[in-house]
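Protein chains in written order, with the working numbering: chain G, 1 to 265; chain C, 1001 to 1266.
Quick reminder that beta carbons are idealized off the backbone N, C-alpha and C, glycines included.
Bear in mind that the values here come from a model prediction, so they are computed numbers and not experimental data.
In what follows, a single structure is set out as structure tokens and then discussed.
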């Protein structure tokens, strides 16, 4: 009897494993389908410049406060933490270097991407998801308009193009935040701090961070659009897609960060 | 405009000129459940075909196949001699331009006002100037008896108005074929009659072929040249309205009388 139960439990486990694996492969397939279709439709007429500009304002300009504040306070915390730590072995002079390097190479792109994943990834999924369940996407097809070209291309392009300038701004604000805390609060020498900030910083560090930012923008927008585009199940489905978009986009950003860091540095 | 005399299987018009739409042995299943099980039907040029059936009979799935929104498991949909199921994406897009479709709840773009919704296909597919677009949008709004609502937001419209704006958007490009997906669902009887009136006017005044799906028999009798009954993914009866009432099929009679089937009661 117990052996039979064990076999049944084993079957159940295998079944669940199989179902989850299939779902994961389906999700990966959808991601690459949206990515491929987006690239395919980006270079085809008609070009919706109005949509591009609208989405760039939404992703870029409207995200400045949230990304700026995140970077500013991250720079401030970095300076506070490293100053206290470095003080112990009299290396306070290198706080500026640590803040600038960690911000440009890692923290600014990743934290900005996570903030944008929360702000834009979720809204893309919610917007496209509600368009799906109210048949607005079907209506686009019915009007001989490719929804990927009209809806997804401008959104993905906007996120990919606007993430690097956002991260450049975040780099600047983060470094300034670090400087303000180190000099204003910890009485660090402003000239030394400034000199050390740039002493070990290569242009390559900044550019690699900006390349990361562009890739993160691409990944998180494709993820958000994909979750929205394939939404099923009415209002509840839109809620599910929105949550899943944020979780998945954040995870994909963090995972891809490792590989990008390995490739770029 | 006099309506084409119809026979149960193929209208005289279809027999003479070839059908506008020919559906051949259409099958579709979702997750192992067969929704369409071998549908064969022709729609003649200028005909108004109404497909009726209960909830879950496969009506919406069928009409979405006609415009290529859903791909069949097998079978063919021939529009003006071109097989929609075999066509490459570019041909598919071109074929779709022959269609105008009105969706159940209107499917209007809520990020745009009424004017922009109707102007959308014109801006997308024509080189008309702003004045010409405005003239065409107003003409379409007049056709659906909604003059002057162009600048209203979509969320300010009632259910009936949404449907009519959906009709206006569907006819903006002067399509050859109009598809209506449940145009009366969820509307009160008076608004429903107004909607039917607008469809009948379009049928009589525009050079279009129409396919409407509905479960509202009153509406079907008002707007149809032929009525087809869909049940369990199959066409079980097809006839002009006057003959449809007297069809001996027990399901049709129960459906007309609004009575449950014995197996449903049990």
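### Task
Note down, in chain order, every chain G residue with its Cβ under 8 Å from the Cβ of residue 1105/C.
Simply 134, 135.
#### Entry: Beta-carbon neighbours of residue 145/G, restricted to chain C and to distances below 7 Å
Chain C residues near residue 145/G: 1124.
### First and last residue of the uninterrupted alpha helix (DSSP H) at residue 1023/C
No alpha helix (DSSP H) contains residue 1023/C, which is instead part of the beta strand (DSSP E) from 1021-1030.
### Query
Using the beta-carbon count (16 or more within 10 Å), is residue 145/G buried or exposed?
Using a 10 angstroms sphere on the CB of residue 145/G, the tally of other CB atoms reaches 16 or more, which defines it as buried.
### Task
Starting from residue 1067/C, find everything on chain G with Cβ-Cβ shorter than 8 Å and list it in chain order.
Going along chain G in sequence order, the residues near residue 1067/C (Cβ under 8 Å) are 141, 142.
### Message
Closer than 8 Å is the cut-off here; do at least three beta carbon pairs connect the region 175-195 of chain G with the region 208-226 of chain G?
### Response
Because the criterion of three Cβ pairs below 8 Å is not met, the region 175-195 of chain G and the region 208-226 of chain G do not touch.
### Query
Going along chain C, which residues have a C-beta under 9 Å from residue 138/G?
Going along chain C in sequence order, the residues near residue 138/G (Cβ under 9 Å) are 1064, 1067, 1069, 1101, 1103, 1107.
#### Entry: Interface partners of residue 1120/C on chain G, CB under 7 Å
Residues of chain G passing the Cβ test: 143.
### Query
Within 8 Å (strictly less), CB to CB, does residue 1093/C reach chain G?
Output row for residue 1093/C: interface = yes.
### Under 8 Å by beta carbon: chain G residues contacting residue 1096/C
Chain G residues near residue 1096/C: 141, 142, 143, 144.
### Task
Would you mind stating whether residue 241/G and residue 129/G have Cβ atoms separated by less than 8 Å?
The answer is yes: Cβ separation under 8 Å.
### Message
For residue 102/G, tell me which candidate among 201/G, 8/G, 216/G has the shortest Cα-Cα distance.
### Response
Put simply, of 201/G, 8/G, 216/G the residue whose alpha carbon is nearest the alpha carbon of residue 102/G is 201/G.
### Query
What residues match up with residue 1229/C in a beta bridge as DSSP calls it?
Beta-bridge analysis with DSSP links residue 1229/C to 1052/C, 1237/C.
### Query
Can you pull the DSSP bridge partners for residue 1100/C?
Bridge partners of residue 1100/C: 1178/C.
### Query
Terminal residues of the continuous alpha helix (DSSP H) containing residue 102/G?
Note, residue 102/G: alpha helix (DSSP H), 95-102.
### Task
Verify whether the separation of the beta carbon atoms of residue 1109/C and residue 55/G is less than 8 Å.
Contact: no.
### Query
Candidates 1153/C, 1232/C, 1018/C: which alpha carbon is nearest residue 1029/C's?
If we check each option's Cα against that of residue 1029/C, 1232/C comes out closest.
### Task
Give every residue of the same chain whose Cβ lies closer than 7 Å to the Cβ of residue 1220/C, excluding the five residues on either side of it in the sequence, and list them in chain order.
Closer than 7 Å at the Cβ level, and outside the excluded window around residue 1220/C, lie 1050, 1052, 1214, 1227.
### Query
With burial defined as no fewer than 16 other Cβ atoms inside 10 Å of the residue's Cβ, what is the status of residue 181/G: buried or exposed?
By the neighbour-count rule (16 or more Cβ atoms within 10 Å), residue 181/G is buried.
### Message
Using only the alpha-carbon positions, how far apart do residue 1144/C and residue 1208/C sit?
### Response
Rounded to whole angstroms, residue 1144/C to residue 1208/C spans 15 Å at the Cα level.
### Task
Buried or exposed for residue 1179/C, please, with buried defined as at least 16 other CB atoms from any protein chain shown within 10 angstroms of its CB.
With 16 or more other Cβ atoms within 10 Å, it is buried.
### Task
Might you give, ordered along the chain, the residues of its own chain that have their beta carbon closer than 8 Å to the beta carbon of residue 194/G, omitting 5 neighbours on each side?
So the list reads 96, 179, once near-sequence residues are dropped.
### residue 255/G (DSSP reduced to helix, strand or coil)
Residue 255/G falls in the helix class under three-state DSSP.
### Message
If you measure between the beta carbons of residue 1159/C and residue 1187/C, is that distance less than 8 Å?
### Response
Taking 8 Å as the Cβ cut-off, residue 1159/C and residue 1187/C qualify as a contacting pair.
### Message
Which residues does DSSP list as the beta-bridge partners of residue 1267/C?
### Response
Examination of residue 1267/C is not possible in this model, given that chain C is present from 1001 through 1266 alone.
### Task
Quickly, what does DSSP pair residue 1042/C with across the bridge? List them, please.
Looking at the DSSP assignment, residue 1042/C forms a beta bridge with 1022/C.
### Message
Buried or exposed for residue 40/G, going by 16 or more other Cβ atoms inside 10 Å?
### Response
Label assigned to residue 40/G: exposed.
#### Entry: Touching by the beta-carbon criterion (3+ pairs, under 8 Å), the region 1245-1263 of chain C and the region 1075-1086 of chain C
Contact fails between the region 1245-1263 of chain C and the region 1075-1086 of chain C, because fewer than three Cβ pairs, one in each stretch, are under 8 Å apart.
#### Entry: residue 1027/C versus 1042/C, 1021/C, 1070/C, 1046/C, residue with shortest Cα-Cα distance
Ranking 1042/C, 1021/C, 1070/C, 1046/C by CA distance to the CA of residue 1027/C puts 1070/C first.
#### Entry: Close-in-space but distant-in-sequence residues of the same chain around residue 186/G (CB under 6 Å, 5 per side omitted)
83.
### Query
Under a Cβ-count criterion, where at least 16 other Cβ atoms within 10 Å of its own Cβ denotes burial, should residue 1094/C be classed as buried or exposed?
Exposed is the call here.
### Query
By a C-beta neighbour count over all protein chains shown, 10 Å radius and 16 as the cutoff for buried, is residue 58/G buried or exposed?
The residue in question, residue 58/G, is buried, as its Cβ has 16 or more Cβ neighbours within 10 Å.
#### Entry: the region 1146-1164 of chain C / the region 1104-1118 of chain C touching (three or more Cβ pairs under 8 Å)
The region 1146-1164 of chain C vs the region 1104-1118 of chain C: in contact.
### Query
Bridge partners of residue 1034/C, per DSSP?
When beta bridges are read from the DSSP output, residue 1034/C appears opposite 1029/C.
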